[in-house]
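*Asks:* A single structure is presented below for examination.
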Amino acid sequence: MEETSAPRAQWLRGVLDMCLLALMAESPVYGYEMAVRLAKAGLDVADGSIYPALARLRKRQLVEIERRSGGGGPARTYYRPSEAGMQMLRSWSSDWSAFATSIGTIINQTTRKES
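The sequence shown begins at 65 in this note's numbering and counts up by one.
Shown next as structure tokens:
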């Protein structure tokens, strides 16, 4: 029997950049906080996935960073989408909605036939 979390992990890898941009669009956020917020939404993502994704987004100039005092600890790097990042998020969101609708249609047709 196949592990049920395997497809979910693969799906998340495909949409992690979009999810991170969406979190940032709400307000500037630092890496660990993104992991916590993703986990609260039911998406357990390791730091080892988040930071490379943030580096990819930064390299593509889709995010801007700001260093802030860590309140007694080390400074934190906060991320927010650049204008290009917001445009990309809108595009990806539209694409995702269409994709999810298509997948839902296929799955619903299949499950209705089995009933």
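Where a beta carbon is used, it is the ideal one built from N, C-alpha and C, also for glycine.
1. Rank Pro71, Leu85 and Trp75 by C-alpha distance to the C-alpha of Ser155 and give the top, closest one.
2. Can you give the Cα-Cα distance for Gln74 and Ile114, rounded to whole angstroms?
3. Taking just the CA atoms, how far does Glu147 sit from Ala119?
4. Which value, in whole angstroms, describes the spacing of the CA atoms of Met65 and Val100?
5. So, for Leu76: in the same chain, excluding its five sequence neighbours on each side, which residues have a beta-carbon less than 7 Å away from its beta-carbon?
*Replies:* Taking the structure as given:
1. Leu85
2. 14 Å
3. 17 Å
4. With a pLDDT of only 42 at Met65, under 50, the local geometry of the prediction cannot be trusted, and the value read off the model is given with reservation. Those two C-alpha atoms are separated by around 30 Å.
5. Leu107 and Val109
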